[in-house]
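Participant: One structure coming up, written as structure tokens, with questions to follow.
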Amino acid sequence: MKILVPVKRVVDYNVKVRVKSDGTGVETAGVKMSMNPFDEIGVEEAVRLKEKGVASEIIAVSLGLPACAETIRTALAMGADRGILVETDVDLQPLAVAKLLAAIAAKEQPGLIILGKQAIDDDMSATGPMLAALLGWPQGTFASKVTVEDGKLLVTREVDGGLESVSLNLPAIITTDLRLNEPRYASLPNIMKARKKPIETVKPADLGVDPAPRLTVVSVAEPPKRQAGVKVGSVAELVSKLKNEAKVI
Amino acid sequence: MMFELAEEHRMLKDLVAKFVDQELIPLEPAALARETRGEKMGLSHDEEARLHAKCKELGLWGLDVPEQFGGANLPAVALMAVNEELGRTCIPFFFPPDSPNLHMLMAACNEDQKQRYMLPYASGDKKSAIAISEPGAGGDPSGMTTRAVKDGDEWVINGRKIWVSRVPQVDFTIVMARVGEGKRHEGITAFLVDKGTPGFIIEREIPMIGGQRTYELVFDNLRLPDAQVLGTIGQGFAPMQLRLTVRRLQMGAWCTGMAVRALDMMISQAKQRTTFGVKLSDRQAVQWWIADAATRIHACRLMVLHAAAKQDSGGDVRTEASMVKLVATELAQDVIDHAMQTFGAMGMTRELPLQMMMQKVRTMRIYEGPSEVHRMVIARRLIDGRK
Chain X
3 MKILVPVKRV
13 VDYNVKVRVK
23 SDGTGVETAG
33 VKMSMNPFDE
43 IGVEEAVRLK
53 EKGVASEIIA
63 VSLGLPACAE
73 TIRTALAMGA
83 DRGILVETDV
93 DLQPLAVAKL
103 LAAIAAKEQP
113 GLIILGKQAI
123 DDDMSATGPM
133 LAALLGWPQG
143 TFASKVTVED
153 GKLLVTREVD
163 GGLESVSLNL
173 PAIITTDLRL
183 NEPRYASLPN
193 IMKARKKPIE
203 TVKPADLGVD
213 PAPRLTVVSV
223 AEPPKRQAGV
233 KVGSVAELVS
243 KLKNEAKVI
Chain W
3 MMFELAEEHR
13 MLKDLVAKFV
23 DQELIPLEPA
33 ALARETRGEK
43 MGLSHDEEAR
53 LHAKCKELGL
63 WGLDVPEQFG
73 GANLPAVALM
83 AVNEELGRTC
93 IPFFFPPDSP
103 NLHMLMAACN
113 EDQKQRYMLP
123 YASGDKKSAI
133 AISEPGAGGD
143 PSGMTTRAVK
153 DGDEWVINGR
163 KIWVSRVPQV
173 DFTIVMARVG
183 EGKRHEGITA
193 FLVDKGTPGF
203 IIEREIPMIG
213 GQRTYELVFD
223 NLRLPDAQVL
233 GTIGQGFAPM
243 QLRLTVRRLQ
253 MGAWCTGMAV
263 RALDMMISQA
273 KQRTTFGVKL
283 SDRQAVQWWI
293 ADAATRIHAC
303 RLMVLHAAAK
313 QDSGGDVRTE
323 ASMVKLVATE
333 LAQDVIDHAM
343 QTFGAMGMTR
353 ELPLQMMMQK
363 VRTMRIYEGP
373 SEVHRMVIAR
383 RLIDGRK
């Protein structure tokens with residue numbers, strides 16, 4: 003079984019994001035970029051499935067600028083076998099990404115696609131479910147445990163009330179939650195091996211997909227600054243302020 | 003001209019950064035507490051064994067050992083990226099084997115010594131030290147007086163060495179001694195001395211700042227067979243110099259990393275701490291420390307990478323190594339000092355790594371050549387080179 007693992011290049015989780023002065027988005031120039039941490043969990047899960055003999059090949063896909071090849075290279079160093087870069091300078095939105103991935107899935111025929119539950123930049127949490135809908139495949143989102151038994155995929159999902167277990171037919175879509183696994187370090191020998199693994203570059207047109215944005219971003223703004231608090235002199239004053247100013251009691 | 007690390011070396015740097023953040027920095031509080039109690043700061047046997055197992059698993063072993071000897075054969079530029087990350091922690095740790103003696107052994111070992119010393123050293127099975135300084139010849143090693151005299155088939159060494167690191171833990175020590183009556187570099191010869199060789203006496207342990215210890219050694223009719231001469235008799239200075247150059251570049255990278263850590267801590271503190279109603283990060287004095295630190299770190303990193311790249315392409319980098327060592331140690335000293343100042347009284351505690359980094363960098367301005375000697379050497383090369 004082939005596993006397809008989409009990996010997104012995002013602003014590193016350690017970087018404090020700054021909104022561009024014109025309000026069109028966040029600043030990415032000169033900022034450290036890394037693989038979306040949830041996608042890293044996806045790569046790790048795929049590598050574990052390969053180590054267990056469930057998967058035969060892992061294909062890492064990234065979509066966007068040529069620099070996304072670096073993100074693919076990281077996945078290759080973790081254990082993916084080859085990469086596909088869908089190169090475009092169009093601002094890719096979840097529907098476009100899902101369509102492009104669906105086109106790649108049609109070509110590669112993977113048995114499983116493992117995506118991050120969300121990307122830490124826009125937190126849309128949309129690509130996985132959209133891809134499942136486009137392909138007509140079952141999906142196990144927010145997965146905290148994945149096992150393959152008798153050709154079925156058992157996924158434990160983290161839901162509000164606790165854990166939900168679902169059984170899916172293959173091929174299927176998984177989106178990863180934080181507790182699914184702890185991604186490994188890419189070891190030095192694997193970093194060196196990754197240099198020789200192939201990355202194929204395709205354009206959206208090659209896949210027959212128009213990636214043009216369907217959504218318009220009106221503006222991006224920093225969260226409002228918190229107002230400074232006030233010190234009260236007594237409990238009576240506190241109660242009075244809560245009652246009359248804050249009007250919460 | 004390339005100013006960026008190759009992609010795989012960037013990934014290696016990221017790997018080492020994770021290793022430092024997740025495996026080494028968490029060990030700092032316990033190590034600092036040990037040192038405060040007067041115990042050895044270094045890692046316990048168990049801690050080191052666990053880390054070494056992790057390193058082997060990650061392939062962080064034998065990084066600059068040639069491939070035919072089982073290493074990763076990485077160029078100096080990649081090693082600089084690795085060492086910059088290692089410099090961010092005050093935990094004394096390196097990925098075996100330590101580079102300087104490796105390069106000296108590779109340059110000077112004959113076939114027999116390669117099997118007995120270089121390969122076990124490269125694989126991490128044997129540890130080594132080097133004895134260069136003497137009570138009367140530190141920054142100017144060519145003034146050494148420890149003598150080796152031929153007696154039949156054997157060499158007899160008499161003399162004294164000081165400031166030698168790690169001696170009790172190592173399997174062999176490279177001892178530099180003078181053969182014949184030559185002056186300066188003439189006659190300087192390297193000898194391989196196994197642990198426990200009669201006449202090789204550890205005179206005393208000298209406690210140093212920076213959680214370090216060095217040893218004074220006495221050679222009392224230390225007898226060695228011819229097979230223990232490392233390299234050519236009388237030609238020991240050049241391989242030793244190569245070793246020093248490797249160490250100086252490594253120190254440049256360590257100091258860059260130390261400055262990076264100190265700057266990082268300085269920024270965190272400046273953003274948190276308010277004095278007289280104003281955030282430290284809003285004060286110009288602190289802003290200038292931050293700006294100067296970042297600017298000098300950038301310059302230092304480029305100097306280190308340039309020297310390493312030149313060394314990789316076969317160039318002579320002795321002058322650059324002196325410049326790097328000088329700039330890097332003084333950079334780290336200043337940035338750590340400003341970070342301590344930013345932390346105020348907290349910066350004076352023995353709980354923060356800053357004081358330990360400060361002690362370490364203070365020793366680094368002395369060992370492998372004091373700043374003043376490097377300035378002298380740089381100036382001498384420039385002045386003597388002018389018609």
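Residue numbers (the numbering used here), protein chains in the order written: chain X, 3 to 251; chain W, 3 to 389. Backbone N, C-alpha and C fix where the C-beta goes; we use that ideal spot for every residue, glycine too.
Nearest chain X C-beta to W/M108 closer than 8 Å, yes or no?
Facilitator: no
Participant: Residues of chain X with CB under 8 Å from W/L60, in chain order?
Facilitator: Y187, S189, L190
Participant: Based on Cα-Cα distance, which residue from W/G316, W/K273, W/R215, W/P170 lies nearest to W/D196?
Facilitator: Of the candidates W/G316, W/K273, W/R215, W/P170, the one whose C-alpha sits nearest the C-alpha of W/D196 is W/P170.
Participant: To the nearest angstrom, how far is the alpha carbon of W/R320 from that of W/V22?
Facilitator: 30 Å
Participant: Quick one: does X/T76 have its CB under 8 Å from some CB of chain W?
Facilitator: yes
Participant: Give the straight-line distance between the Cα atoms of X/S221 and W/G126, rounded to the nearest whole angstrom.
Facilitator: Straight-line Cα distance between these residues: approximately 57 Å.
Participant: DSSP puts X/A62 in a beta bridge; with which residues?
Facilitator: For X/A62, which the question treats as bridged, DSSP gives the partners X/V7, X/G85.
Participant: Out of X/A57, X/P215, X/S36, state which residue places its alpha-carbon closest to the alpha-carbon of X/L155.
Facilitator: Closest option to X/L155, Cα to Cα, is X/A57.
Participant: Between the beta-carbon of W/V67 and the beta-carbon of W/A150, is there less than 8 Å?
Facilitator: no
Participant: Per DSSP, which one or two residues make a beta bridge with W/A192?
Facilitator: W/M178, W/L232
Participant: Could you list the residues in the region 66-83 of chain W with a C-beta less than 8 Å from some C-beta on chain X, going in chain order?
Facilitator: A74
Participant: What does X/E2 reach in chain W if we use C-beta pairs closer than 7 Å?
Facilitator: No statement about residue 2 of chain X is possible, as the shown extent of chain X runs from 3 to 251 and does not include it.
Participant: Under the three-state reduction of DSSP, which class applies to W/S135: helix, strand or coil?
Facilitator: coil
Participant: Which runs of the alpha helix (DSSP H) spanning at least 4 residues fall entirely within the region 239-301 of chain W, listed in chain order?
Facilitator: 239-274
Participant: Could you tell me the distance, in whole angstroms, from the CA atom of X/D124 to the CA atom of W/V363?
Facilitator: Their Cα atoms are separated by approximately 43 Å.
Participant: Below 7 Å CB to CB, which residues in the same chain sit around X/Q95 once its five sequence neighbours on both sides are set aside?
Facilitator: P215, R216, L217
Participant: Do three or more CB pairs link the region 330-342 of chain W to the region 11-30 of chain W at distances below 8 Å?
Facilitator: no
Participant: Judging by CA-CA distance, which residue of W/L76, W/A33, W/G317 is the nearest neighbour of X/L190?
Facilitator: W/L76
Participant: Please decide whether W/M13 counts as near chain X, where near means a Cβ-Cβ distance under 8 Å.
Facilitator: yes
Participant: Could you check what DSSP says for W/R367 in three-state terms: helix, strand or coil?
Facilitator: coil
Participant: Taking only beta carbons into account, state which residues of the region 20-31 of chain W come closer than 8 Å to chain X, listed in chain order.
Facilitator: K20, F21
Participant: Which residues mark the beginning and the end of the beta strand (DSSP E) in which W/E207 is found?
Facilitator: 202-209
Participant: So is W/W290 buried or exposed if we call it buried at 16+ other beta carbons inside 10 Å?
Facilitator: exposed
Participant: Using DSSP with H/G/I as helix, E/B as strand and the rest coil, what is W/G198?
Facilitator: Secondary structure at W/G198: coil, using DSSP grouped into helix, strand and coil.
Participant: Please confirm if W/L304 has its CB atom under 8 Å from at least one CB of chain X.
Facilitator: So no, W/L304 is outside the interface.
Participant: Could you round the C-beta distance between W/A179 and W/F193 to whole angstroms and report it? I think they count as a contact, below 8 Å.
Facilitator: 6 Å
Participant: Distance cutoff 8 Å, beta carbons only. Does W/L17 sit that close to anything in chain X?
Facilitator: yes
Participant: Among X/I116, X/P185, X/D179, X/V157, whose alpha-carbon lies nearest the alpha-carbon of X/E166?
Facilitator: X/V157
Participant: Give the range of the beta strand (DSSP E) segment to which X/K158 is assigned.
Facilitator: According to the sequence shown, residue 158 of chain X is Thr rather than Lys. Segment 154-161, the beta strand (DSSP E) holding X/T158.
Participant: Give me the Cα-Cα distance between W/I380 and W/M325, rounded to the nearest whole angstrom.
Facilitator: Approximately 7 Å between the Cα atoms of the pair.
Participant: Give a yes or no on whether the minimum CB-CB distance between X/L194 and chain W is below 8 Å.
Facilitator: Residue 194 of chain X is actually Met in this sequence, not Leu. Yes, contact with chain W.
Participant: Run down chain W in chain order and give the residues with a C-beta less than 8 Å from the C-beta of X/A31.
Facilitator: Per Cβ cutoff of 8 Å: no residues; X/A31 is ~16 Å from chain W at best.
Participant: Is DSSP giving W/D173 helix, strand or coil here?
Facilitator: It is coil, neither helix nor strand.
Participant: How would you list, in chain order, the residues of chain W whose beta-carbon sits under 8 Å from the beta-carbon of X/A79?
Facilitator: M13
Participant: Can you give me the start and stop residues for the alpha helix (DSSP H) that W/F345 sits inside?
Facilitator: 320-345
Participant: Let's test the definition: count the other Cβ atoms within 10 Å of the Cβ of X/L6 and tell me whether it reaches 16, buried, or not, exposed.
Facilitator: Classification of X/L6: buried, given that the 10 Å Cβ count is 16 or more.
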